[in-house]
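So the sequence lines, in the order shown, correspond to chains V and G. With our numbering applied, the first sequence corresponds to residues 1 to 331, in that order. With our numbering applied, the second sequence corresponds to residues 1001 to 1255, in that order. Ideal placement from N, C-alpha and C gives every residue a C-beta, glycine not left out.
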Amino acid sequence: MDDAVQYLTFTCEQLDDWDTRLLIFVKSIITAARERGITIDLAGLPQGAHRLLVLSEAVPEKTTYDQTSHESPVVRIGRLTIALSGKLGEAATFTGEIILAFGDFLAGRKPFRARDFFYFVQACGAESLPIVSLIAVLVGVILSFVGAVQLQMFGAQIYVANLVGLGMVMEMGALMSGIIIAGRIGAAYAAQLGTMQVNEEIDALRTMGISPVGFLVLPRMLSLMLMLPLLCIYADIMGILGGSVIGVTMLDLSLVEYLEQTRKSILLSQCGHGLLKASVFGVLIGYAGCLRGMQCGRSALAVGEATTSAVVTSIVLIVVSDSFITFLLYR
Amino acid sequence: MNAAITVKGLTMAYGSFVLQRDLNFTIERGDIFVIMGGSGCGKSTLLRHMIGLKPPAAGSVWYDGENFWELTDEDRAAVVRRAGVLYQSSALWSSMTLAENVALPLQHYTDLTPSVIAELVSFKLALVGLAGFEKFYPAQLSGGMRKRAALARAIALDPDFLFFDEPSAGLDPISARNLDQLILELRESLGATVVIVTHELASIYAIATNSVFLDSDTKTMLATGDPKTILQECTDPTVLNFLTRGTGKREVRTV
C-alpha cells in the first residue's frame, strides 16, 4: 500500500454477489490500512457486509497466550512431575478405596447389587467364549505347526502334543485370554465408567454418600477375578484340541494317542501356574479398566482416550506381570 | 431465621487459575437461594464445593455451624446424606429403571422392606408427575421428564437441603415454569433449604428469596440478597445489566 495514501474507501456498484470471503479480504485491507494510519470509510461496502464487519469487531479480541510455550524446560519438568505425582496419588487413593470396598464385601456388607455382578459375569464369561474359542484353537494350531516342522526332522512328532499342551497350560491360555479380555472387557469398563463420569452419574453416587468404587468398580473386578481363570481353563482345552487337529491330520497320530501324550506331559502344578497368571491378569485388567474410567475427563474425547489407555495399560501390565511371575516360578 | 449454610472467604481455583475469590454469604433455613451470574463465572463449581465434590482452594463452607470440609469423612457423609442434588444432565443411572434410581438411596440408608420402598418410590414419582413410569429407563424419557425423575430421586430421603444445577437448562418455557412451581411446592411441603444455580431471570424472579451474583471479570461476588431488592437498589452496572437483560429497566418479569 502506497505511503502517500491518506484515505481509503470502497466502491462496490459492479459487485453482483458476495460471500464471507469478501469480508476476509476487506478485513486484511482494513488491518493493513490501520497499521499505516489511513482513514477508512466502509460506507461503500454492501450494507450486509458492512454490518457483518461491524458485528465482528463489536467484542474486542481477547488476548490469550499459551503459558506453556514460554516456560523453561525446568518449569515444564516440574509441571510434569506434579501432574505425574497427582496421577499416582489418584491411583493410590483408588487402590485404597478398592481394598476398603473389598473389606466391606468380605465383612458381609453388600456394596453393590447382585444383579450387576451377574451381568458382568455373563459379559466376561459366556459372551466371551466364542472369541476365546477362536483365538485359542488358532494358537494351538500355530504352536502345533511350529513344533511339527522341527520335531518331524527327528521323527519325534509325538512330542508336538507335549509342546502344545505345556505351551497352552503354562503360558498361552492365560496370556491369550488376558489379552482378549483386556480388549473386550477392560475397554468396555473404561468406556462405561467414563460415560458415567461425563453424565455426572458418578457425582450423583458420591453426593448420595454411596461409594462409586464399591457400587461400580467392585462388581466389575470380582467378575473378572472369577471368570478369567475359568476362561483360561477353557482356552487351554480349546488350544489342545486345536493342536490335536494338526497332530491327527498331518502327523499321522491318532486322537487318543495325541491326548494321552498330552495328559502324560502336563502336571497339575503346571496348570496351577497358568491359573495363577490368569487370576493376576483378571485383577490387573479390572484395575486398569476401572481406574482409567474413573480418571476420565468430561468429554467424548476423554472417554475415547480412557478406553485406549485402559487397553494399553492392561496389556502392558499383563506382559510385565507375566514375565515377573514366570521369573519367580522358574528361577 | 437461622443460618443453614454459610460460605466464608471461599476461593475456587483449578490449579493456578483462580475462578472466584473471597466469597461470603449466608443461606437461611427455608431460603430459595439462587447462585447467578454469566456463563463460565463458576456457579456450578461453587455448587460442587458446597455438596462435597471438590474441596475449595481457600475458605470454608459451614452447615449448621460446622465447618464441612474439616469434618471427618463419616460426619461429612452424614451432612451429604441430608442433601438431595438435581444435576444439570439429570445424572440418572442409565442402567436402572426410574424405580430403581429412586429406590437406591432408600435401600442404601434405610431398613425398609422392599414393598414399603416400592410404595415410597411410586409416591415420589407421583409427586413429580411421573406416576406409572416406574419401569421406564431414563433413555425412554424426554429431557423434562428426566429432570423430574431426577428430582424424585433427589427427594427420596426427604432431604433438608436441595441443590439444583441449572434445573431449567434445555427445557421449553412451560416445562421450566412447571419445574419452578414444583420446586416451590416441594420447598413448602418438605421445609427444605433450596440452592439453585441458574441464569434464567424468569425463574430467579419467580422463586428466589435470596441470591449471590458472581462476576467472571472481577472474579468475585458483586451482590447478595433478594434478587428483586438487588434489581431495585443495586448500582453496579454489571449486576444491573444482567438483571435487566441489558435493557436497564428495573422491572421484575417472571415470564
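Close Cβ partners of residue i (< 7 angstroms) along its chain, the five nearest in sequence each way excluded
i, result
"Ile-1207 (chain G)", "Ile-1032, Asp-1180, Ile-1183 and Leu-1184"
"Met-176 (chain V)", "Ile-135, Ala-136, Val-139 and Ala-235"
"Leu-22 (chain V)", "Ala-49"
"Ala-332 (chain V)", "Because chain V in this structure spans residues 1 to 331, residue 332 (chain V) falls outside the shown range and cannot be described."
"Gly-1246 (chain G)", "none"
"Val-339 (chain V)", "Examination of residue 339 (chain V) is not possible in this model, given that chain V is present from 1 through 331 alone."
Distance CB(residue i)-CB(residue j) smaller than 9 angstroms
i, j, result
"Gly-1132 (chain G)", "Leu-1171 (chain G)", "no"
"Asp-322 (chain V)", "Lys-277 (chain V)", "yes"
"Trp-18 (chain V)", "Ala-49 (chain V)", "yes"
"Thr-93 (chain V)", "Gly-165 (chain V)", "no"
"Leu-1112 (chain G)", "Ile-1155 (chain G)", "no"
"Glu-1166 (chain G)", "Val-1116 (chain G)", "no"
"Val-1085 (chain G)", "Thr-95 (chain V)", "no"
"Ser-1094 (chain G)", "Met-196 (chain V)", "yes"
"Leu-1053 (chain G)", "Arg-1153 (chain G)", "no"
"Pro-219 (chain V)", "Arg-113 (chain V)", "yes"
"Val-26 (chain V)", "Leu-55 (chain V)", "no"
"Gly-243 (chain V)", "Leu-143 (chain V)", "yes"
"Gly-247 (chain V)", "Val-146 (chain V)", "no"
"Leu-1157 (chain G)", "Leu-1106 (chain G)", "yes"
"Pro-1138 (chain G)", "Ala-1149 (chain G)", "yes"
"Thr-1097 (chain G)", "Lys-1147 (chain G)", "no"
Supposed close pair residue i, residue j - CB separation, criterion 8 angstroms
i, j, result
"Cys-271 (chain V)", "Leu-193 (chain V)", "Not a contact, Cβ separation roughly 34 angstroms."
"Ile-185 (chain V)", "Cys-232 (chain V)", "At roughly 14 angstroms, the Cβ-Cβ gap does not stay under 8 angstroms, so Ile-185 (chain V) and Cys-232 (chain V) are not in contact."
"Met-168 (chain V)", "Ile-240 (chain V)", "6 angstroms"
"Ala-1192 (chain G)", "Phe-1161 (chain G)", "6 angstroms"
"Ile-1005 (chain G)", "Tyr-1063 (chain G)", "6 angstroms"
"Ser-223 (chain V)", "Ala-101 (chain V)", "No, Ser-223 (chain V) and Ala-101 (chain V) are not in contact; Cβ-Cβ is about 14 angstroms, not under 8 angstroms."
"Ile-1035 (chain G)", "Val-1239 (chain G)", "With a Cβ gap of about 14 angstroms, Ile-1035 (chain G) and Val-1239 (chain G) do not count as contacting."
"Ser-309 (chain V)", "Arg-298 (chain V)", "Between Arg-298 (chain V) and Ser-309 (chain V) the Cβ distance is about 16 angstroms, and since that is not below 8 angstroms, they are no contact."
"Ile-285 (chain V)", "Ser-254 (chain V)", "Actually they are not in contact, since the Cβ atoms of Ile-285 (chain V) and Ser-254 (chain V) sit about 39 angstroms apart, beyond 8 angstroms."
"Ile-318 (chain V)", "Ala-182 (chain V)", "6 angstroms"
"Ser-1203 (chain G)", "Ser-1168 (chain G)", "6 angstroms"
Cutoff 8 angstroms; reference residue i; Cβ partners in own chain excluding five residues on either side
i, result
"Asn-1002 (chain G)", "Glu-1028 and Arg-1029"
"Lys-1219 (chain G)", "Val-1018, Leu-1019, Gln-1020 and Arg-1021"
"Gln-1232 (chain G)", "Arg-1250"
"Glu-1070 (chain G)", "Ser-1060"
Per-residue burial, residue i [other beta carbons within 10 Å of its own, 16 or more giving buried]
i, result
"Pro-229 (chain V)", "buried"
"Tyr-7 (chain V)", "exposed"
"Ala-58 (chain V)", "exposed"
"Thr-1045 (chain G)", "buried"
"Ala-300 (chain V)", "exposed"
"Asp-41 (chain V)", "exposed"
"Phe-1068 (chain G)", "buried"
Simplified DSSP assignment, three categories, for residue i
i, result
"Phe-117 (chain V)", "helix"
"Lys-1135 (chain G)", "coil"
"Leu-1112 (chain G)", "coil"
"Glu-13 (chain V)", "coil"
"Ile-233 (chain V)", "helix"
"Gly-165 (chain V)", "helix"
"Val-1128 (chain G)", "coil"
"Ile-1155 (chain G)", "coil"
"Ile-99 (chain V)", "helix"
"Val-1194 (chain G)", "strand"
"Val-1239 (chain G)", "helix"
"Lys-1008 (chain G)", "strand"
"Glu-1200 (chain G)", "coil"
"Met-221 (chain V)", "helix"
"Thr-1072 (chain G)", "coil"
"Ala-1003 (chain G)", "strand"
"Thr-81 (chain V)", "helix"
"Gly-1037 (chain G)", "strand"
"Val-1212 (chain G)", "strand"
"Ile-266 (chain V)", "coil"
"Met-208 (chain V)", "coil"
"Gln-6 (chain V)", "coil"
"Ser-1175 (chain G)", "helix"
"Asp-1165 (chain G)", "strand"
"Asp-322 (chain V)", "helix"
"Phe-112 (chain V)", "coil"
"Asn-199 (chain V)", "coil"
"Glu-1251 (chain G)", "coil"
"Arg-36 (chain V)", "coil"
Own chain, CB closer than 6 angstroms to residue i, minus 5 neighbours either side, in chain order
i, result
"Leu-1104 (chain G)", "none"
"Thr-1026 (chain G)", "Ala-1003 and Thr-1006"
Distance cut-off 8 angstroms: residue i Cβ against heavy atoms of the ligand NAD
i, result
"Asp-1226 (chain G)", "For the ligand NAD, the structure offers nothing, since it holds no ligand at all."
Interface residues of chain C facing residue i [CB-CB closer than 8 angstroms]
i, result
"Ile-210 (chain V)", "Absent from the structure is chain C; the protein chains it does hold are V and G."
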